[in-house]
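In this note's numbering, the protein residues as written are 1 to 94.
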């Protein structure tokens, strides 16, 4: 029963994350991805990378974006995500 719950949770998370993957066609030049989309796409970049291996329409970075604001959100989330991992490791070792 424990493994069934864990499997269901993993499947739910996979479908939830894959519904918001960059390059999925939800953005266009008339409605580009903005700052908050950049943050989200940065957070799910590792999942996007893995899924892009199997599906060529999925990318890590949304092409239809607002420019600087999207880039800022994307890079802030990438840096904070990997920086947070490093801070957590330092705290454990101390």
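Even for Gly, the Cβ is constructed at its ideal location relative to N, Cα and C.
Under the three-state DSSP convention, the category residue i falls into
i          : result
residue 45 : helix
Cβ-based burial, residue i [other Cβ within 10 Å; buried from 16]
i          : result
residue 36 : exposed
residue 67 : exposed
residue 70 : buried
residue 51 : buried
residue 79 : exposed
residue 74 : buried
residue 21 : buried
Close-in-space but distant-in-sequence residues of the same chain around residue i (CB under 6 Å, 5 per side omitted)
i          : result
residue 77 : 39, 42 and 43
residue 60 : 45, 48 and 49
Same chain, Cβ closer than 7 Å to residue i, neighbours up to 5 away in sequence not counted
i          : result
residue 64 : 27, 28, 29, 32 and 33
Cβ neighbours of residue i in the same chain (closer than 8 Å, five flanking residues each side left out)
i          : result
residue 11 : none
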